[in-house]
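Chemist:
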């Protein structure tokens, strides 16, 4: 909690999101001083070392230096991954410490979307007008576009569009029909085609609205002791929610085939997340943004004091343009049967992400604290290399989806189903039209007059994040004291290795072969 002086508590916790395939590691671990970063930013410094957090691409923990009231970040510089940005760290700090919100962005239909073809872009946590918000939105758009078949695909991950069209083919076969062709139409061609089919008798219709979102496969662990926290890896899955109440508005039955298509999409995306990220590198930035959010929430929690008032109140973030609206994307598919019947399929996309994170203490890594603080070349150094070679650093390595969890936590395909939460929203409507000819009767409800507008998402509590977002849950059981005296010795090494009192970053010495999770 912030006080009037701008001083904050240091929580000994952290979190991470594992996403995408990672390249080979660089040789150096890096320590980065938040105290010195604040001092240099206040003086107008514009060095790359400052604005890239010493080149850190993978955040693995932090150390609190009691003597100088400094928070020292510990990370690893890895070739081929996006560097951290000071602006993004400040956005994350303000989101958790000042606004008490989770950074989030979502693209959702409104009650005007059917007429103006626009979806609302909503930011929370102070993301609007920032590079953080721009990158979150980019990830939102990439995933939406992938699901609708508007981006290049990867092997073994079909788009939801293709899976839905396959479900239509199966439904035609199940009722004894013979599919002649299936075509996806442009918006203009689709409007003309639907108008030509207007007033055709309707012989069947169904719909579904489903949501997908990233979710922790199981809670990961944070090790903490005496002013150090250590981030363990987090595996992701994709969860599915079926919004049958909204999908069946107007008496339209829910389509089990379209729901099965949704489950298949979630399953394939979860199983091949690394490949999708490699094909669409913009998603790689999502990982480092989640690291910064996690760090900021750890700092937010009560502990020792450190002064970050300049970053929280005065530092000027470089502004960028973030849109308020996003073009509505509708896909219309027409399945033509040999007997002249038509089945129309409309897919409307809007995306929300949510990850649920739990923090649990499962060990002690305070050795890291001594190494970080003792290796600082000088008190004024901003960043420095850390001798951590040989340490097992889960959040510094090649983090991929691993299917090694109990069956009740994840299915073989890496998906799980739930009945609550926000996610990647897809509304699908299917209408079967009779061949041309006289209507079956004069009941207008059995004639095609167009698709009903995709409904806006249901109202959400203000505490529920949406879009590309994260929520973390911390309990009193998260902190377990450790009795290992060797950890304090290593903590001393890290702090004393600082080259000078004003060093911004420096190499961090780590004993060769030392493992950080040897208690596991």
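Numbering (my numbering), first residue to last: 87 to 606.
Glycine is no exception: its CB is placed at the ideal position from the N, C-alpha and C atoms.
Quick caveat: nothing in here was measured; it's all calculated off a predicted structure.
1) With DSSP as the reference, label residue 412 as helix, strand or coil.
2) Looking only at its chain, what residues have a beta carbon closer than 6 Å to the beta carbon of residue 121, apart from the 5 residues adjacent to it on each side?
3) Going by beta carbon distance, what residues of the same chain come within less than 7 Å of residue 585, once the five residues before and after it are set aside?
4) Using a threshold of 9 Å, state whether the C-beta atoms of residue 289 and residue 519 are closer than that.
5) Please determine if the segment 207-218 and the segment 415-430 are in contact, where contact requires at least 3 C-beta pairs separated by less than 8 Å.
6) Using three-state DSSP, classify residue 420 as helix, strand or coil.
7) Please report how far the alpha carbon of residue 432 lies from the alpha carbon of residue 246, in whole angstroms.
8) Who are the Cβ neighbours of residue 112 in its own chain at under 8 Å, not counting the five residues just before and after it?
9) Looking only at DSSP bridge pairs, what is residue 270 linked to?
10) Assess, as a yes-or-no matter, whether the segment 232-246 is touched by the segment 349-360 under the definition of 3 or more beta carbon pairs within less than 8 Å.
11) Taking residue 228 as part of the alpha helix (DSSP H), name the residues at either end of that continuous run.
12) Are the segment 196-208 and the segment 167-186 touching, with three or more C-beta to C-beta distances below 8 Å?
13) Report the three-state DSSP secondary structure of residue 169 (helix, strand or coil).
14) So for residue 265, helix, strand or coil by DSSP?
15) Buried or exposed: where does residue 366 fall if 16 or more other Cβ atoms within 10 Å of its Cβ makes it buried?
16) Starting from residue 354, trace the alpha helix (DSSP H) both ways and give me its first and last residue.
17) Quick check on this structure: which residue in 282, 136, 129 has the alpha carbon closest to the alpha carbon of residue 535?
18) Under 9 Å between the Cβ atoms of residue 222 and residue 189?
19) Does DSSP put residue 587 in a helix, a strand or coil?
20) Return the CA-CA distance between residue 287 and residue 421, expressed in angstroms with no decimal places.
21) Taking the straight line between their C-alpha atoms, what separation do you get for residue 131 and residue 138?
22) Tell me the DSSP bridge mates of residue 117?
23) How many Å lie between residue 141 and residue 116 at the Cα?
24) How many Å lie between residue 456 and residue 582 at the Cα?
25) Keeping to the same chain, check which residues put their C-beta closer than 8 Å to that of residue 135; ignore five residues upstream and five downstream.
26) Run through the DSSP bridge pairs and tell me what residue 246 is partnered with.
27) Less than 9 Å between the beta carbons of residue 227 and residue 296, yes or no?
28) Please report the distance separating the alpha-carbon of residue 352 from that of residue 231.
29) Which residue from 313, 199, 349 puts its Cα closest to that of residue 328?
30) Measuring alpha carbon to alpha carbon, tell me which of 128, 255, 167 ends up nearest residue 372.
31) Which residue from 285, 193, 375, 383 puts its Cα closest to that of residue 533?
32) What three-state label does DSSP hand residue 400 in the structure shown?
33) Can you tell me which of 396, 238, 379 puts its alpha carbon nearest to the alpha carbon of residue 146?
34) State the DSSP-derived secondary structure class of residue 214, mapped to helix, strand or coil.
35) Helix, strand or coil, according to DSSP, for residue 140 in the structure here?
Modeler: Here's the rundown:
1) strand
2) Closer than 6 Å at Cβ, skipping near neighbours: 156.
3) 462, 463, 464, 467, 470, 592
4) yes
5) no
6) strand
7) 12 Å
8) Low local confidence applies: a pLDDT of 49 at residue 112 is under 50, so the model's placement there is unreliable, and no value is given.
9) 419
10) yes
11) 217-233
12) Inter-segment contact for the segment 196-208 and the segment 167-186 is absent: fewer than three beta-carbon pairs are separated by less than 8 Å.
13) coil
14) strand
15) So residue 366 ends up on the buried side.
16) 342-357
17) 282
18) Their beta carbons are under 9 Å apart, which means residue 222 touches residue 189 by this criterion.
19) strand
20) Approximately 16 Å, taken between the alpha carbons.
21) CA-to-CA, the gap between residue 131 and residue 138 works out to about 13 Å.
22) 160, 592
23) Computed Cα separation, rounded: 8 Å.
24) 8 Å
25) 141, 468, 469, 590, 591
26) Answer by DSSP bridge pairing: none, since residue 246 is not bridged.
27) No.
28) 15 Å
29) 349
30) 167
31) With distances taken between Cα atoms, residue 533 lies closest to 285.
32) coil
33) 379
34) coil
35) helix
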